[in-house]
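Novice:
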Amino acid sequence: MKKTQNTVNYNKYGWFFISFAMLAFILFTLYPMIESLSLSFKVLRDGEYVFGGLTNIKRLLGDKIFHKTIGNTFLFLAVQAPLMLMLALVYATILNAPKLRFRTFYRTAIFVPCVTSLVAYSVLFKLMFANDGIINYLLVNLHLIEAPIFFLNDPFWARVVIILAMTWRWTGYNMMFYLAALQNIPAETYEAARVDGANAVQTLFKITIPQLKPIILLTTIMTTNGTLQLFDEPMNITGGGPAEMTTTMSQYIYNNAFVYAPNFGYSVSMSYVIVTLVALLAFVQFKVGKD
Amino acid sequence: MRKIKLLLKHAFLMISSLICLFPFYWMVVGATNLSKDITKGTLWFGAEFMNNFRAVQETADIFQAVLNTATITIVQVPLALLICSMAGYGFEKYPSKTRNKLFNVFLLTMMIPFAAIMIPLFNFVFDVGLIDTKMSVIVAALSNTFLIFFFRQSFKALPNEMIEAARIDGASEIGIFFRIAMPPMKSTFAAGFIYAFMKEWNNYLWPLLTLQSSENRTLTLFLSSISSAYYVDYGQILVSVVIATLPTILIFMTMQKHFVSGILGASK
Chain A
1 MKKTQNTVNY NKYGWFFISF AMLAFILFTL YPMIESLSLS FKVLRDGEYV
51 FGGLTNIKRL LGDKIFHKTI GNTFLFLAVQ APLMLMLALV YATILNAPKL
101 RFRTFYRTAI FVPCVTSLVA YSVLFKLMFA NDGIINYLLV NLHLIEAPIF
151 FLNDPFWARV VIILAMTWRW TGYNMMFYLA ALQNIPAETY EAARVDGANA
201 VQTLFKITIP QLKPIILLTT IMTTNGTLQL FDEPMNITGG GPAEMTTTMS
251 QYIYNNAFVY APNFGYSVSM SYVIVTLVAL LAFVQFKVGK D
Chain B
1 MRKIKLLLKH AFLMISSLIC LFPFYWMVVG ATNLSKDITK GTLWFGAEFM
51 NNFRAVQETA DIFQAVLNTA TITIVQVPLA LLICSMAGYG FEKYPSKTRN
101 KLFNVFLLTM MIPFAAIMIP LFNFVFDVGL IDTKMSVIVA ALSNTFLIFF
151 FRQSFKALPN EMIEAARIDG ASEIGIFFRI AMPPMKSTFA AGFIYAFMKE
201 WNNYLWPLLT LQSSENRTLT LFLSSISSAY YVDYGQILVS VVIATLPTIL
251 IFMTMQKHFV SGILGASK
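In order, the protein sequence lines correspond to chains A and B.
Going by the UniProt record's numbering, the first sequence opens with residue 1, and the numbers climb by one from there.
Going by the UniProt record's numbering, the second sequence opens with residue 1, and the numbers climb by one from there.
1) Which residues in the same chain have their Cβ closer than 8 Å to the Cβ of Ser224 (chain B), if we skip the five residues on either side of it in sequence?
2) Pull up the CB-CB distance for Ser122 (chain A) and Glu244 (chain A), whole angstroms please, since I reckon it's below 8 Å.
3) What does the alpha-carbon distance come out to for the pair Thr254 (chain B) and Thr104 (chain A)?
4) Taking buried to mean at least 16 other C-beta atoms within 10 Å of its own C-beta, is Gly88 (chain B) buried or exposed?
5) Please state the DSSP three-state secondary structure of Glu48 (chain A).
6) Checking 8 Å against the spacing of the C-beta atoms, do Val128 (chain B) and Trp206 (chain B) come in under that value?
7) Would Lys68 (chain A) pass as an interface residue toward chain B - the criterion being a Cβ-Cβ separation below 8 Å?
8) Measuring CB to CB, does Phe28 (chain A) end up less than 8 Å from Leu121 (chain B)?
9) Name the one or two DSSP bridge partners that residue 300 (chain A) has.
10) Which of the three DSSP states is assigned to Met245 (chain A) in this structure?
11) Counting only beta-carbon atoms, is Val139 (chain B) nearer than 8 Å to chain A?
12) Assign Phe150 (chain A) to one of three DSSP states: helix, strand, or coil.
13) Excluding the five sequence neighbours on either side, which residues of its own chain have a C-beta within less than 6 Å of the C-beta of Gly14 (chain A), listed in chain order?
14) Is Trp157 (chain A) close to chain B, meaning its C-beta is less than 8 Å from at least one C-beta of that chain?
15) Starting from the beta carbon of Pro23 (chain B), find every residue of chain A whose beta carbon is closer than 8 Å, and list them in chain order.
16) Alpha carbon to alpha carbon, how far is Arg194 (chain A) from Lys126 (chain A)?
17) Using the Cα positions of Met235 (chain A) and Leu21 (chain B), report the straight-line distance between them to the nearest angstrom.
18) What are the residues in the stretch 198-214 of chain B lying within 7 Å of chain A by C-beta distance?
19) Please determine, among A:Thr189, A:Ala97, A:Met175, the residue with the shortest C-alpha to C-alpha distance to Ser261 (chain B).
20) What do you get for Phe178 (chain B), buried or exposed, if any count of 16 or more other CB atoms within 10 angstroms of its CB means buried?
21) Would you mind sorting His258 (chain B) into buried or exposed? The rule is 16 or more other CB atoms within 10 Å of its CB.
22) Determine whether the Cβ of Ala115 (chain B) lies closer than 8 Å to any Cβ atom of chain A.
23) Does Thr32 (chain B) pass the burial test, meaning 16 or more other C-beta atoms within 10 Å, or should it be called exposed?
24) Return no unless some Cβ of chain B is closer than 8 Å to the Cβ of Ile57 (chain A).
25) For Lys3 (chain A) and Pro184 (chain B), what's the separation of their Cα atoms in angstroms?
26) When the Cα atoms are used, what is the spatial distance from Ile83 (chain B) to Leu142 (chain B)?
27) Please report the residue range of the alpha helix (DSSP H) in which Phe155 (chain B) lies.
28) What distance in whole Å lies between the Cβ atoms of Thr145 (chain B) and Thr98 (chain B), which are believed to be in contact at a cut-off of 8 Å?
29) Cα-Cα, which of A:Trp157, A:Met249, A:Ile94, A:Leu30 is closest to Val201 (chain A)?
30) Please decide whether Phe106 (chain B) counts as near chain A, where near means a Cβ-Cβ distance under 8 Å.
31) Smallest Cα separation from Ala180 (chain A): which of A:Phe286, A:Trp168, A:Ile216, A:Ile18?
32) Could you tell me how far apart the beta carbons of Phe25 (chain A) and Phe106 (chain B) are, in whole angstroms, since I believe they sit closer than 8 Å?
33) Please compile the residues from chain A whose C-beta is within a distance smaller than 9 Å of the C-beta of Thr109 (chain B).
34) Please decide whether Asn236 (chain A) counts as near chain B, where near means a Cβ-Cβ distance under 8 Å.
35) Helix, strand or coil: which one does DSSP assign to Met1 (chain A)?
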């Protein structure tokens, strides 16, 4: 009898401990999420949001700029993510050698970019790659180019700068995940491979990558999730330009809700495209990663 | 052959380190030089730091921006840590089926992009009259699923016997949390602190929506706005970038171990 009483009592405390988080979660996450579902079907008429059926979805299918922003986001994902993750893996495998000199220095130097805030480093890169910025100055003075390149106003280079910036900021971050995971691979495994005459490339593909599979999956999902929501960098480096060449989905949603004539219903319905893509890609990556 | 290989490795790592460190170097060089010298390609420190700083303060109130970000961070981070550690403890040490299901709901929403909730959240904050207040930024991130998960994982290491023993000694449940469960978790709290601090100090999109008046804008909004102004003054902007980056660098240097685990979200 006493035991039941105790359990009930403890249960009450269980709820007490989670109550504050639950309240905040309901108000600031769950409620907006449910609300956004109904908002996505609403259209603006005479300053009021009224039910508009599939109007937003139809508009979304025909919105060329939105399609372009999806393309931009996927371009960043397809080029930057593999480049960065491979680079991170390369650094991690080299730096995992305990006897390497200056190992701590290299590791710290490569990691330190992720100490900066996204806005701060974006602004920094914007200035570095400006027409009269240091990169142009160095390239001209080293006679690598004849005249300054207008990096941020050029459709091709603007994208390159964003990809470079993101790679600078995030490679060390991902490297740390790989380094942590590499420490769990016993040295004997590598020793055995060396005795069997495996070379560096074989070791990488036959031992390191298979052993790191779960962590590679994790970093891939995190990178995908982050890149699909990319906002701070294009907003502050290029402003989305030139001619929407670097505008991302999040930025276009933001513009439609807060910059152009505000249309919350349409913006929210676009955000569902991101939700779907995040879920879909996570699912696919998870399936591929498991095999 | 071996030596050449090693040499190549070092060359590769040296160049990589240089690329990673150069922007930091240039940022400090730029902050201490005048705009006209920076565009001429100066690569050495100047003596104009204070002049640049004064110039920023005259154009736009950077003091206010630092103060706003600091206020939000100082209030928000301890509150979020308290709320999330309590929740992690509640989920872990008072197991129940209903709460476990609820925990799964929390986890499911982790993948939902902020863009998907920001507009209804904006409407909500507007309706309750919190728009353009620091409070709107503070409350929005009080419950952080990742932090709750992180604390829950760490509380797994706390033996239940310790809690039982404290109960027999007559300690209250809340007292047990603060006096028995919390103290051994110092490194978890340190890592959690860094995670929460970085998130709040660098928060951009949400403040961009809610903090509309210039007295309320945070450091990230300040940076974003002065760098997109029509006339770009390198010295002034770089001084601001240095000021925005300094606290995180200091924290990184003083608590390096915790920093890495905090930022990676690992409990070791």
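All residues carry an ideal CB built from backbone N, CA and C; glycine is no exception.
Every value quoted in this text rests on a predicted model; they were computed, and no experiment measured them.
Specialist: The structure says:
1) The residue you call residue 224 (chain B) lines up with position 224 of the second sequence. If we look at Ser224 (chain B) and ignore the five residues flanking it on each side, its Cβ neighbours are Tyr204, Leu208.
2) Against the first sequence, residue 122 (chain A) aligns to sequence position 122. Against the first sequence, residue 244 (chain A) aligns to sequence position 244. 18 Å between Cβ atoms; not a contact.
3) Translated into positions along the second sequence, residue 254 (chain B) becomes position 254. Translated into positions along the first sequence, residue 104 (chain A) becomes position 104. Going by the C-alpha atoms only, they are around 16 Å apart.
4) Reading the second sequence from its first residue, position 88 is the one you call residue 88 (chain B). That one is buried.
5) The residue you call residue 48 (chain A) lines up with position 48 of the first sequence. Strand at Glu48 (chain A).
6) Position 128 of the second sequence, counting from 1, holds the residue named residue 128 (chain B). Position 206 of the second sequence, counting from 1, holds the residue named residue 206 (chain B). Cβ atoms of Val128 (chain B) and Trp206 (chain B): not closer than 8 Å.
7) Locating residue 68 (chain A) in the first sequence gives position 68, counting from the first residue. Output row for Lys68 (chain A): interface = no.
8) Here residue 28 (chain A) corresponds to residue number 28 of the first sequence, with the count starting at 1. Here residue 121 (chain B) corresponds to residue number 121 of the second sequence, with the count starting at 1. In contact: Phe28 (chain A) and Leu121 (chain B) (Cβ atoms closer than 8 Å).
9) Outside the modelled stretch of chain A, which goes from 1 to 291, sits residue 300 (chain A), for which no answer is possible.
10) Within the first sequence, the letter at position 245 stands for residue 245 (chain A). Note: Met245 (chain A) maps to coil in three-state DSSP.
11) In the second sequence, counting from the first residue as 1, residue 139 (chain B) sits at position 139. Cβ-Cβ to chain A under 8 Å: yes for Val139 (chain B).
12) Locating residue 150 (chain A) in the first sequence gives position 150, where the first residue counts as 1. DSSP places Phe150 (chain A) in coil when its eight states are reduced to three.
13) Counting from one through the first sequence, the residue named residue 14 (chain A) turns up at place 14. The answer is none, since no qualifying residue turns up.
14) Residue 157 (chain A) sits at position 157 when you count from the first residue of the first sequence. No, Trp157 (chain A) does not count as interfacial toward chain B.
15) In the second sequence, residue 23 (chain B) corresponds to position 23, counting from 1. Per Cβ cutoff of 8 Å: Pro113, Tyr121, Leu124, Phe125, Met128, Trp168.
16) For this step, residue 194 (chain A) is matched to residue 194 along the first sequence. For this step, residue 126 (chain A) is matched to residue 126 along the first sequence. Approximately 46 Å, taken between the alpha carbons.
17) Residue numbering aside, residue 235 (chain A) sits at position 235 when the first sequence is read from its first letter. Residue numbering aside, residue 21 (chain B) sits at position 21 when the second sequence is read from its first letter. Spanning the two alpha carbons is a distance of roughly 24 Å.
18) Trp201, Asn202, Tyr204, Leu205, Leu209
19) Here residue 261 (chain B) corresponds to residue number 261 of the second sequence, with the count starting at 1. Nearest of A:Thr189, A:Ala97, A:Met175 to Ser261 (chain B), Cα basis: A:Met175.
20) For the purposes of this step, residue 178 (chain B) is identified with residue 178 of the second sequence, where counting begins at 1. Exposed, because fewer than 16 other Cβ atoms sit within 10 Å of the Cβ of Phe178 (chain B).
21) As a working note, residue 258 (chain B) is residue 258 in the second sequence. Buried is the call here.
22) By one-based count along the second sequence, residue 115 (chain B) stands at place 115. For Ala115 (chain B), the answer is yes, since a Cβ of chain A falls inside 8 Å of its Cβ.
23) The count along the second sequence starts at 1 and reaches residue 32 (chain B) at position 32. Result: buried.
24) What you label residue 57 (chain A) is simply residue 57 of the first sequence in a count that begins at 1. Taking Cβ atoms only, chain B never reaches closer than 8 Å to Ile57 (chain A), which makes this a no.
25) Here residue 3 (chain A) is taken as the residue at index 3 of the first sequence, counted from 1. Here residue 184 (chain B) is taken as the residue at index 184 of the second sequence, counted from 1. Legend: pLDDT at Lys3 (chain A) = 46, less than 50; position of this residue unreliable, no value from coordinates given.
26) Translated into the one-based positions of the second sequence, residue 83 (chain B) becomes position 83. Translated into the one-based positions of the second sequence, residue 142 (chain B) becomes position 142. The alpha-carbon atoms of Ile83 (chain B) and Leu142 (chain B) are separated by roughly 7 Å.
27) Working through the second sequence from its first residue, we reach residue 155 (chain B) at position 155. 145-155 is the extent of the alpha helix (DSSP H) around Phe155 (chain B).
28) As a position in the second sequence, residue 98 (chain B) is number 98, starting the count at 1. As a position in the second sequence, residue 145 (chain B) is number 145, starting the count at 1. Not a contact, Cβ separation roughly 18 Å.
29) Translated into positions along the first sequence, residue 201 (chain A) becomes position 201. Residue A:Ile94 is the option with its Cα nearest to Val201 (chain A).
30) On the second sequence, residue 106 (chain B) is found 106 positions in, with the first residue counted as 1. With 8 Å as the cut-off, Phe106 (chain B) counts as an interface residue toward chain A.
31) As a first step, residue 180 (chain A) is located in the first sequence; it is residue number 180 there, counting from the start. Here the closest residue by C-alpha is A:Ile216.
32) Locating residue 25 (chain A) in the first sequence gives position 25, counting from the first residue. Locating residue 106 (chain B) in the second sequence gives position 106, counting from the first residue. So it is a contact: roughly 6 Å between Cβ atoms.
33) In the second sequence, counting from the first residue as 1, residue 109 (chain B) sits at position 109. Those within 9 Å of Thr109 (chain B) in chain A are Phe25, Thr29, Leu30, Met33.
34) Locating residue 236 (chain A) in the first sequence gives position 236, counting from the first residue. By this cut-off, Asn236 (chain A) is an interface position.
35) Taking the first sequence and counting its residues from 1, one reaches residue 1 (chain A) at position 1. Annotation note: pLDDT 41 at Met1 (chain A) (below 50); position unreliable, coordinate value reported separately. Note: Met1 (chain A) maps to coil in three-state DSSP.
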